[in-house]
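Quick note: the sequence shown uses the UniProt record's numbering, first residue 1, plus one each step.
Backbone N, C-alpha and C define an ideal beta-carbon position, used for all residues, glycine too.
Because the structure is a prediction, the values reported are computed rather than measured.
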Amino acid sequence: MTEFAFSVSLMTEVLDHIKNSKDVSINSIKEMYDSWVPTYDEDLRKHNYRYPAKASEIISEHFSDKNVSILDCGAGTGLVGVELYRLGFKNIAAVDISSKSLAAAEKKGVYKKLVCAEVGKGTLPFDDKCFDAVMCSASFMPTHIRPECLPELVRIVKPGGIIVVLMAQRYIEVVAGDEECFCKYYQLEFEEVTQDLEGSKKWKLISKNVIPNLMLNKAALTFVWKVL
1 MTEFAFSVSL
11 MTEVLDHIKN
21 SKDVSINSIK
31 EMYDSWVPTY
41 DEDLRKHNYR
51 YPAKASEIIS
61 EHFSDKNVSI
71 LDCGAGTGLV
81 GVELYRLGFK
91 NIAAVDISSK
101 SLAAAEKKGV
111 YKKLVCAEVG
121 KGTLPFDDKC
131 FDAVMCSASF
141 MPTHIRPECL
151 PELVRIVKPG
161 GIIVVLMAQR
171 YIEVVAGDEE
181 CFCKYYQLEF
191 EEVTQDLEGS
201 KKWKLISKNV
211 IPNLMLNKAA
221 LTFVWKVL
């Protein structure tokens with residue numbers, strides 16, 4: 001199999017996992033990303049992957065202080081960290097379920113701390129109120145990071161800090177031509193958890209935007225919440 005065919009097969013596997021998300025185990029996701037590491041960065045570059053640049057741009061819009069502490073949640077091989085570092089942010093931590101992805105991220109030399117852990121209902125190995133910002137770039141999707149983790153992310157962010165989520169629009173909104181990627185249960189869970197956190201005054205939505213062409217000519221949603 002050529003490198004191009006390998007990358008296309010993995011991209012197809014990601015979409016198949018999403019379409020059959022209730023039948024996919026977290027271990028199979030971990031194994032998929034572990035196997036993808038050798039070509040991951042280059043594969044995404046070929047597919048016009050603009051999430052990391054947009055993610056770092058949002059952080060830069062909210063913080064002039066480059067010493068703020070940032071958690072790259074679902075960091076993968078560290079593409080967001082590279083962009084943040086390029087903009088002068090140096091106090092960055094990473095968390096991801098794929099140890100091999102984190103090993104690749106560590107080699108980029110942009111993270112102060114890397115943690116291999118599942119981001120879900122469980123407690124993350126971070127202290128309360130220890131980050132100024134949590135960035136989740138292209139990691140929220142069916143079979144990957146689910147909305148049930150959001151209360152835990154709120155726990156680790158300082159009051160006045162922000163939580164940012166960039167995700168493909170087609171997963172939680174019906175998009176013409178991409179109807180098969182829409183996931184109703186994920187949409188309902190996302191709405192329930194985010195609205196509950198707002199209703200209980202744990203956070204406040206600052207912005208929600210649609211950004212076109214962040215990957216494969218597909219739109220993304222960006223959410224920014226301020227932790228109260």
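Just to confirm, are residue i and residue j a CB contact at a threshold of 8 angstroms?
i	j	result
I223	V165	A small correction: the amino acid at residue 223 is Phe; Ile does not occupy that position in the sequence shown. Yes; because the gap between Cβ atoms is below 8 angstroms, this pair is in contact.
I92	K112	yes
F182	I156	no
Y185	I172	no
G78	A94	yes
Identify, in the order they occur along the chain, each residue of the same chain with its Cβ nearer than 6 angstroms to the Cβ of residue i, setting aside the five sequence neighbours on each side.
i	result
E189	P147
K129	K158
K121	E148
N209	T222
E191	none
Classify residue i: buried if its beta carbon has 16 or more other beta carbons within 10 angstroms, exposed otherwise.
i	result
P142	buried
T123	exposed
S28	exposed
S200	exposed
V174	exposed
S99	exposed
A105	buried
Within its chain, find whatever has a CB closer than 7 angstroms to the CB of residue i; leave out the 5 residues flanking it on each side and keep chain order.
i	result
I211	K54, A219, A220, T222
R170	D178, C181, F182, K218
W225	I162, I163, W203, K204, L205, I206
E3	Any answer about E3 is weak, because its pLDDT of 40 lies below 50 and its placement is not dependable; what the coordinates show is given next. Cβ neighbours of E3 beyond the five flanking positions: T39.
Here's a check: name, in chain order, each residue in its chain whose Cβ is nearer than 8 angstroms to the Cβ of residue i, leaving out the five neighbours to either side.
i	result
V80	Y51, P52, A55, S56, D72, M135, S137
A133	I59, H62, F63, V68, S69, I70, L71, V157, G161, I162, I163, V164
V82	P52, K108, V110
L150	I163, V193, T194, L197
A103	V37
In angstroms with no decimal places, state the Cα-to-Cα distance between residue i and residue j.
i	j	result
K204	V227	7 angstroms
S7	Y40	In this prediction, S7 scores a pLDDT of 47, lower than 50, which makes its location untrustworthy; no coordinate-derived value is stated.
G74	I145	8 angstroms
V154	L197	9 angstroms
M167	M215	11 angstroms
P125	K66	24 angstroms
L87	N213	22 angstroms
D127	E118	16 angstroms
L84	R45	17 angstroms
L114	E152	18 angstroms
E42	S35	14 angstroms
E31	A176	32 angstroms
C116	I26	14 angstroms
Hey, residue i and residue j are a contact pair by Cβ (cut 8 angstroms); roughly how many whole angstroms apart?
i	j	result
S139	V37	Actually they do not touch by this definition, with Cβ atoms about 16 angstroms apart.
G76	Y49	At roughly 11 angstroms, the Cβ-Cβ gap does not stay under 8 angstroms, so G76 and Y49 are not in contact.
Quick check: is the beta carbon of residue i nearer than 8 angstroms to any beta carbon in chain B?
i	result
S25	Note that chain B does not occur in the displayed structure, where there is just one protein chain.
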